Amino acid sequence: MASRVATASRSKWIDWKAWALFGAHLKPYGGAIAIYIALCVVASLLALATPVLVRHALNGAVPAGDVTMLFLIGAAILGLRVAFIAVNFVSRTLAVSVVQAAVKSYRLMIFRRLLDFERSVHNKSDPSTVQSRIIHDTERADNMAMAMAGQILPAIPTGLLVAGFVLYLDWRLSIIVAALAPLLLVANQYAGRRVKATFQRFQHEFDRFCSATIFFVRHVDLVRMQGADTFELARQEDVAEDLADSQRARFFAQLLHTQTQSLITATAVVVVIVGGGWTVIAHQRSLGDLIAFLAALQVLQGAAVGLLGAVPTLLNGNESLSRMYELVGRASERSYSGTEHVQLRNRIALRDVSFAYDSRPVLNAISFEIPTHGVTAIIGPNGAGKSTLLNIVLGMERPTSGRVDCDGHPYEAIDMTDLRRQIGIVPQNPVLFSGS
1205 MASRVATASR SKWIDWKAWA LFGAHLKPYG GAIAIYIALC VVASLLALAT PVLVRHALNG
1265 AVPAGDVTML FLIGAAILGL RVAFIAVNFV SRTLAVSVVQ AAVKSYRLMI FRRLLDFERS
1325 VHNKSDPSTV QSRIIHDTER ADNMAMAMAG QILPAIPTGL LVAGFVLYLD WRLSIIVAAL
1385 APLLLVANQY AGRRVKATFQ RFQHEFDRFC SATIFFVRHV DLVRMQGADT FELARQEDVA
1445 EDLADSQRAR FFAQLLHTQT QSLITATAVV VVIVGGGWTV IAHQRSLGDL IAFLAALQVL
1505 QGAAVGLLGA VPTLLNGNES LSRMYELVGR ASERSYSGTE HVQLRNRIAL RDVSFAYDSR
1565 PVLNAISFEI PTHGVTAIIG PNGAGKSTLL NIVLGMERPT SGRVDCDGHP YEAIDMTDLR
1625 RQIGIVPQNP VLFSGS
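For the sequence shown, counting from 1, position 34 maps to 1238 in the numbering used here; every step adds exactly one.
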């Protein structure tokens, strides 16, 4: 659908329109999100307290031989850890509730918009591709939102607070560690491009696999009748192999990303041990300060790993939001949006109605009335526009010119869902809904 729009939107690192469409479903939970951010800050302060107390124990209680103080510090560290776990539990529970409510609202919005689209929009779409996007892309958007809530947001205040503490402990050593940051950013950007590219390929191949699977299930009898078993199995094998290749490429791109980050953070730890150890040997720094620095760096490393580890999920989610925006984000292709409730009593009338699919004309200046207590037959060869007329009468297509009225009320003003409830129809391919 709309390949031009797709190419434009998916060439960006972040599709802001797609994010705005998703973010609108988080707006009702602004208060809960503010509470969650506050809890993240509290958890960050509790995490920072451990290296602070370790420094106090090694620089104060141990040299002074104060066993009581040492036990009190140990109890405080344990108590703060319990408090951290409790705050973390409450905040994550709140995050899950907000994210799942927003994702549920987002999914329902997709179905509502698909119901609003004109029939011609659905005619241009592959149903299996649409199904794949709704199911799998909304799941990836869900995973992305959970990664943002569970990894990215908690890592930001933790990183800022702990970075300030290590800078206070030893600004020289902090600058040396910070010098590795550009390397981390470059590696992250390079690996991020690979993750994005391989995920786009995976999404394309997964859509192909869904289409091929649905075709096989729907037409398995036809395949057997035509003796096309070998041909169809070979086609399915090609599709499955392409999907497997794209999944392997995606896996290795994500593995490269995570392992590169791990190597760089390990390098930072080695720099601290060597550089900090040298300052302790030279009596320029106490052992307590070095151990506190390492403890703080471990907390900082955990925040960085959580933040950077969420990048692949974030990129995958961005691609999925982009694809969903391509599917439902275009307001110009919606059908009628009136709100007037009209009781169908006498007739539906078409006045000089013309219609074209893209540039191909189907109907030209058609005028007739359909009385409620009469019989109207529309006769014509295949492709003459009979189904199109039916879709126009039902408000599922808008004529390119002319107008349609219900008892004198223009369709533009009418709530079409309410009107369609008053019209009985037997389609060419009837479907019995569950429970009917």
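Beta carbons: idealized from backbone N, C-alpha and C, even for Gly.
In this text, all values refer to a predicted model and were calculated from it rather than measured experimentally.
Hey, how far is the Cα of residue i from the Cα of residue j?
i, j, result
"residue 1206", "residue 1430", "Unreliable positioning characterises residue 1206 in this predicted model, as indicated by a pLDDT of 38, which lies under 50. The coordinate reading is nonetheless provided below. Taking the straight line joining both Cα atoms gives about 35 Å."
"residue 1257", "residue 1263", "10 Å"
"residue 1616", "residue 1610", "10 Å"
"residue 1324", "residue 1305", "32 Å"
"residue 1556", "residue 1622", "25 Å"
"residue 1528", "residue 1316", "13 Å"
"residue 1508", "residue 1237", "22 Å"
"residue 1428", "residue 1438", "14 Å"
"residue 1453", "residue 1403", "9 Å"
"residue 1392", "residue 1458", "11 Å"
"residue 1599", "residue 1608", "9 Å"
"residue 1222", "residue 1397", "19 Å"
"residue 1526", "residue 1565", "32 Å"
"residue 1602", "residue 1559", "8 Å"
"residue 1320", "residue 1413", "28 Å"
"residue 1539", "residue 1322", "5 Å"
"residue 1448", "residue 1331", "23 Å"
"residue 1434", "residue 1418", "18 Å"
"residue 1451", "residue 1484", "49 Å"
"residue 1224", "residue 1561", "31 Å"
"residue 1355", "residue 1542", "44 Å"
"residue 1619", "residue 1544", "5 Å"
"residue 1522", "residue 1268", "56 Å"
"residue 1347", "residue 1246", "25 Å"
"residue 1581", "residue 1553", "15 Å"
"residue 1288", "residue 1218", "33 Å"
"residue 1473", "residue 1349", "31 Å"
"residue 1492", "residue 1270", "15 Å"
"residue 1612", "residue 1572", "14 Å"
"residue 1487", "residue 1272", "28 Å"
"residue 1351", "residue 1432", "46 Å"
Drop a sphere of 10 angstroms on the beta-carbon of residue i, count the other beta-carbons inside from all chains shown, and report buried for 16 or more, exposed for fewer.
i, result
"residue 1293", "exposed"
"residue 1353", "buried"
"residue 1461", "buried"
"residue 1407", "buried"
"residue 1400", "buried"
"residue 1465", "buried"
"residue 1640", "Interpretation of residue 1640 is limited by its pLDDT of 49, a score under 50 that renders its predicted location unreliable; no figure is taken from the coordinates."
"residue 1411", "buried"
"residue 1387", "exposed"
"residue 1286", "exposed"
"residue 1378", "buried"
"residue 1584", "exposed"
"residue 1297", "exposed"
"residue 1445", "exposed"
"residue 1336", "buried"
"residue 1469", "buried"
"residue 1512", "buried"
Compute the beta-carbon to beta-carbon distance between residue i and residue j, rounded to the nearest angstrom, for a pair I have assumed lies under 8 Å.
i, j, result
"residue 1575", "residue 1551", "5 Å"
"residue 1589", "residue 1567", "5 Å"
"residue 1365", "residue 1248", "5 Å"
"residue 1299", "residue 1240", "6 Å"
"residue 1318", "residue 1284", "About 50 Å separates the two Cβ atoms, so there is no contact after all."
"residue 1500", "residue 1255", "4 Å"
"residue 1510", "residue 1359", "5 Å"
"residue 1374", "residue 1489", "7 Å"
"residue 1416", "residue 1443", "5 Å"
Between the options, which has its C-alpha nearest residue i's C-alpha?
i, options, result
"residue 1592", "1613, 1577, 1480 and 1631", "1631"
"residue 1291", "1276, 1243 and 1490", "1243"
"residue 1614", "1579, 1276, 1547 and 1390", "1547"
"residue 1476", "1280, 1421, 1442 and 1384", "1384"
"residue 1344", "1331, 1303 and 1398", "1303"
"residue 1532", "1342, 1358 and 1374", "1342"
"residue 1334", "1619, 1530 and 1514", "1530"
"residue 1578", "1549, 1518, 1561 and 1570", "1549"
"residue 1605", "1339, 1570, 1618 and 1388", "1570"
"residue 1629", "1511, 1612, 1524 and 1597", "1597"
"residue 1220", "1524, 1543, 1270 and 1444", "1524"
"residue 1281", "1390, 1261 and 1270", "1261"
"residue 1327", "1595, 1254, 1625 and 1489", "1595"
"residue 1338", "1301, 1313, 1472 and 1349", "1313"
"residue 1456", "1505, 1432, 1440 and 1395", "1395"
Taking 8 Å as the line, does the beta carbon of residue i fall inside it for any heavy atom of the ligand NAD?
i, result
"residue 1372", "With respect to the ligand NAD, the structure offers nothing, as it holds no ligand at all."
Indicate whether at least one CB of chain C lies closer than 9 Å to the CB of residue i.
i, result
"residue 1349", "Among the protein chains of the structure shown there is no chain C, as only one such chain exists."
Spell out a yes or no on whether the stretch 1361-1381 and the stretch 1494-1503 are touching, meaning 3 or more CB-CB pairs, one atom from each, closer than 8 Å.
yes
Cβ pair count under 8 Å reaching 3, the stretch 1299-1313 against the stretch 1222-1239
yes
Counting pairs of beta carbons, one from the stretch 1480-1487 and one from the stretch 1408-1426, are three or more of them closer than 8 Å?
no
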